[in-house]
Amino acid sequence: MSSDISHAIDQAPGHVVHTDPETGKTGMWLFLFTELLLFGGLFLIYGVYRSMNEGAFHHAAAELNVAMGVTNTIVLLTSSLTMVMAVSALQRNQVKRSLGFLTGTLLLSATFLVIKFFEWSAKYHHGIFPGKDHLHELPHGEGLFFNLYFMMTGLHGIHVVIGMIVMTVVLFKIRSGALAADNHGMLEYTGLYWHLVDLVWIFLLPLFYLTT
Amino acid sequence: MSNSHTAVAEKPHVLPDGLFVMVWAALLVLTAITVGGSVFFPGKVGILVAMIVTPIKATLILMYFMHLKYEKKAFTIMFLVAVGILSVFIGLTLFDYLLR
């Protein structure tokens, strides 16, 4: 008992790093629930408007490029794989392997955004973009479909950008040794976030690209 | 004392990479099924396929990539509560709109 106390006194508060993986993970999951409700609300709006404009939604969805949507799905699923492997590599203390997989995840997320950029700019040149006159001239339901498409994939795209920023920070932290096998929480939470971004996209694919 | 303290800290559950590759392959196959369903059976059948396959894909990601299968049960319960609330929102609203 006395050794317990002396042990506690030995370590000045400033030097003790309190990490509780369970608490950290719980916090991350709670944040993910708010994300779920954020996207869930948009899915609800989509569901209601689709039920009111069944024909227009099908017609408008035919305008989207299925090949690009599916390619992006494969890119994102693969980035989830490299992310989960980066986490387990660090847990096994394979720092170089972890850094490699994390870099791969970053490259794949960049690929996703590049494909998204080409997709959006093609739509833009056809006058299909929020604020463009052509979009207002479309039948009501089709305009709704495209506005929801830009809103939801746009919000998802913002999540991808944020994910890339966090991944870059984590990458440097692993390189500097601030994150390591016995203290890998931040990488793990980043992974959880990234899988949620992937999860949302999995639902966006059938809702927008496969509605024909 | 300090040694025994670090030993108490739980070792993270590290899954083999082969498992993750298998889950990834399953996700790609399921994606192919969804896309095939909408291309070859446009309309009701395609939508039905997507509505069945997409939650399966989500479950795979949650259980393996997000480790939910290997965490304490509390995490799964928390997740189900969140999804349950969302389902009530969406369910009740669509119930109203679809049956008007």
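For the record, the sequence lines run as chains X and U. Throughout, this note's numbering is defined as the position within the first sequence, counted from one, plus 169. Throughout, this note's numbering is defined as the position within the second sequence, counted from one, plus 123. Glycine included, C-beta positions come from ideal geometry on N, C-alpha and C.
Contact of residue 163/U with chain X is not assigned, every C-beta pair being separated by 7 Å or more.
Beta-bridge annotation (DSSP): residue 349/X is paired with 352/X. CA-to-CA, the gap between residue 344/X and residue 249/X works out to about 21 Å.
In terms of Cβ geometry, residue 258/X and residue 266/X form a close pair [threshold 7 Å]. Pairing residue 277/X with residue 242/X gives a Cβ-Cβ distance that is not under 7 Å. Sorting 255/X, 297/X, 262/X by C-alpha distance to the C-alpha of residue 269/X places 255/X at the top. Within the region 253-286 of chain X, contact with chain U at the beta-carbon level (separation under 7 Å) is assigned to 253, 254, 257, 260, 261.
Judged by their CB atoms, residue 230/X and residue 311/X are not nearer to each other than the 7 Å cut-off. With contacts defined as CB atoms closer than 7 Å, residue 192/U and residue 153/U fail to qualify as a contacting pair.
For residue 202/X, the nearest beta carbon of chain U is closer than 7 Å to its own beta carbon. For residue 184/U, the chain X residues whose C-beta falls within less than 8 Å of its own C-beta are 249, 364, 367, 368, 371, listed in chain order.
For the region 205-216 of chain X, the beta-carbon criterion of a distance under 9 Å to any beta-carbon of chain U is satisfied by 205, 206, 209, 210, 212, 213, 216. Judged by pairs of C-beta atoms under 8 Å, the region 192-201 of chain X touches the region 195-204 of chain U, as three or more such pairs exist. Residues of chain U with a Cβ closer than 8 Å to the Cβ of residue 242/X are, in chain order, 154. For residue 361/X, the neighbours in chain U by C-beta distance under 7 Å run, in chain order, 189. The C-beta of residue 357/X has 16 or more other C-beta atoms within 10 Å across all chains shown, which makes the residue buried. Judged by pairs of C-beta atoms under 8 Å, the region 306-320 of chain X touches the region 205-221 of chain X, as three or more such pairs exist. Residue-level contact by beta carbon fails for residue 218/U and chain X, as no gap is shorter than 7 Å. In terms of Cα proximity to residue 207/U, the closest of 359/X, 361/X, 205/X is 205/X. Burial check for residue 169/U: the Cβ neighbour count within 10 Å reaches 16 or more, so the residue is buried. Just so you know, the alpha carbons of residue 325/X and residue 223/U end up roughly 32 Å apart. Contact between the region 288-303 of chain X and the region 327-334 of chain X is absent, with fewer than three C-beta pairs closer than 8 Å.
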